[in-house]
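Mapping of the sequence shown onto mature numbering (1 follows the signal peptide of the UniProt record, and there is no 0): residues -20 to -1, 1 to 272, in sequence order. Glycine residues also receive a C-beta, built at the ideal position from the N, C-alpha and C atoms. Since the structure is predicted, the reported quantities are computational estimates derived from the model, not experimental observations. Structure, as structure tokens:
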Amino acid sequence: MLSRLSLIFFVLVLTGCAQTAPQPKQTEMGNLLVPEPAPLSIRSQVAIARFGQILANSELTDDDKAQLHFQRGMLYDSVGLGGLAQFDYNRAIDFKPDMAEAYNSLGVHMVQQEQFSRAYEAFDSTLDLDPDYDFAFLNRGIALYYGGRPDLAVSDLATFADKAPEDPFRVLWAYFAEQKIAPDTARQTLSQRRQLLPVTHWATGLVDLFLGQQDEKALLDSLLHGITSEKELTDRLCEAYFYLGKYHEENDQPGVASNYFKFALSTNVYEYVEHRYARLELQRLRQNTVAD
């Protein structure tokens, strides 16, 4: 029978080779780097096919089937096949109703579809089964944030940020929720959290941007620092352009924000939080434009 460790090893073997490319060069579009969309991984596609073959084995236990469906669901997510990923997460739960990570992944899809009640239920189930599942705090906080309940989102996102205070991305998500409740207090808290961030992390510059301590041009100019492959650049641009979209959204520049969210989507880095919610941000900007 397949153990959990062997399943994870199988996925890593098939998907683990990092794609490298020549040192990227800056392409000017105004002051922007134009992202090269991440290619679909042949290894991931082969792994998906192989999982289908293994699942046809009638001797598998329910636990094996749950693990296989979950691992294949993650692969489907990585190549942008969200509907198939969601199906596999549901199947994993059918075979193993106490599978915390499957509820968490399913909840993320519910947020993307704006089915917030189902998302809350999924993340609550994750934390009931595994109270130390850190990313469930992030994901439930994001669900509450987009679901119009920032007062509840603050607690989850602050908890997530406090678990790794050196992570600029965690700090930013906590700020987004807090800013909806009390903008002045949120900025003060962001400034306090900034003191614990490493100056060597490129995304600390994003926090400085929101604090008004760095301008946008300087941030854009810094995006190539430390990059050694095209994949690293594409991943970084997915993150950077999403948060730049949030920055311009906060500053009442919906047109610029919209363009940044579109750039984030164009990277095809499907598994990143920033890519997952860039489309939701775009939908909300359009709705606000119609409402105005």
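Straight-line spacing of the CA atoms in K45 and A82 works out to 13 Å. Per DSSP, W182 is not a residue of any alpha helix (DSSP H), being assigned neither H nor E.
The beta carbon of A154 is closer than 6 Å to those of L137, A138, A141 in its chain, skipping five residues each way along the sequence. An exposed status is given to I22, since fewer than 16 other beta-carbon atoms sit within 10 Å of its beta-carbon. In the pairwise beta carbon analysis, the region 248 to 265 is classified as touching the region 213 to 223: at least three pairs are separated by under 8 Å. Taking every protein chain shown into account, the CB of V14 has fewer than 16 other CB atoms within 10 angstroms, so this residue is exposed.
The region 198 to 211 and the region 231 to 239 do not touch, with fewer than three beta-carbon pairs separated by less than 8 Å. With a cutoff of 7 Å on beta-carbon distance, E146 and P178 are scored as near each other. By the C-beta criterion, the region 109 to 125 is judged to be in contact with the region 72 to 80, since at least 3 inter-stretch pairs fall below 8 Å. Cβ neighbours of A244 within its own chain (closer than 7 Å, five residues either side excluded): C218, Y221, F222, G225, E254, H255, A258. In the three-state reduction of the DSSP assignment, L137 falls in the helix class. Uninterrupted alpha helix (DSSP H) stretches at least 4 residues long and entirely within the region 104 to 131 occur at 114 to 126, given in chain order.
If you compare the alpha carbons of Q93, E94, G121 with that of D104, the shortest gap goes to G121. In this structure, A99 keeps its C-beta atom at 7 Å or more from the C-beta atom of A133. With a cutoff of 7 Å on beta-carbon distance, H89 and Q66 are scored as near each other. The shortest CA-to-CA distance from D201 to any of E210, A102, G53, G185 is the one to G185. The three-state secondary structure of L12, taken from DSSP, is strand. By the neighbour-count criterion, in which a residue is buried when 16 or more other Cβ atoms sit within 10 angstroms of its Cβ, D57 is buried. Beta-carbon to beta-carbon, S24 and L55 are separated by about 5 Å, close enough to satisfy the 8 Å threshold.
Under the criterion of beta carbons closer than 8 Å, D68 and R52 qualify as touching, at roughly 5 Å.
One alpha carbon belongs to A29, the other to G62, and they sit about 16 Å apart.
Listed in chain order, the non-local C-beta contacts of T106 below 6 Å within the same chain comprise A80, Y83, N84, Y113, A116, local neighbours out to five positions each way being set aside. Secondary structure note for M90: its alpha helix (DSSP H) is the uninterrupted segment 80 to 92. Of the residues assessed, V59 falls on the buried side of the cut-off, its CB having 16 or more other CB atoms within 10 angstroms.
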